[in-house]
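The block underneath contains the structure these notes are about, expressed in structure tokens.
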Amino acid sequence: MTAPDRKPFLYVVVCAAGIAAGVGELIAAAQERDWEVGVIATPVAMGGFFDSAAVEARTGRPVRSAWRSPSDPRPFPPPDAVVVAPATFNTVNKWAAGFADTLVVGTLCEAAGLGVPIAVLPCVADALAAHPAYRDSLVRLRGMGVRFGEPYSGMPDERGVRAEFPWTSALDLLETG
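Right, dumping it as structure tokens:
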């Protein structure tokens, strides 16, 4: 529950998909809707999938991707909500299975267990989305109350046009849930 003297805090979880470079659009939209934002990224996403320095400048907080030491202070308050965008095949499956081997997946498992509202914008190729493990993971996570946006494969349509990634729809999912 948000204290009356602070803005609600949103964790934005970024996975390693090419579309991650646009995460600033989500952060800006969240801030316009009066959220304070902290970003947690998969270790692979930190390898150049988005501009972490720009994200840190925008949020005023470090981008997290690794566990902190027990003596280190918590850099973010507890989340009032979480957005996972883009959410990859690997992260969705590990999360649904409860494999908390990274800060991202551990955070998602904990947030779900605490009942924190979570919105997910999947970015998964059609061939991977057809895999039975992925379909089972979606069923499990939906059963846990996780809210999913429309699937996004990142593939161009028959005219060669790639659809825009629906960054702000994640915030809409949180508001309508």
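Note that our numbering has the sequence shown beginning at 927, numbered continuously upward. A virtual CB, placed ideally from N, CA and C, is assigned to each residue, including glycine. The model shown is predicted, which means the values in this text are computed figures rather than measured ones.
- Secondary structure note for PHE1015: its alpha helix (DSSP H) is the uninterrupted segment 1015-1023.
- The residue among VAL970, ASP960 and SER1079 with its C-alpha nearest the C-alpha of LEU1054 is SER1079.
- Shown here, CYS1049 sits in a strand according to DSSP, grouped into three states.
- Per DSSP, ILE945 is not a residue of any beta strand (DSSP E), being assigned neither H nor E.
- Collapsing the DSSP output to three states places GLU962 in a strand.
- Here PRO1012 carries a strand assignment [DSSP, helix/strand/coil].
- Here VAL1072 has ALA1038, ILE1044 and VAL1046 as same chain residues with Cβ atoms under 7 Å from its own Cβ, once five neighbours each way along the sequence are excluded.
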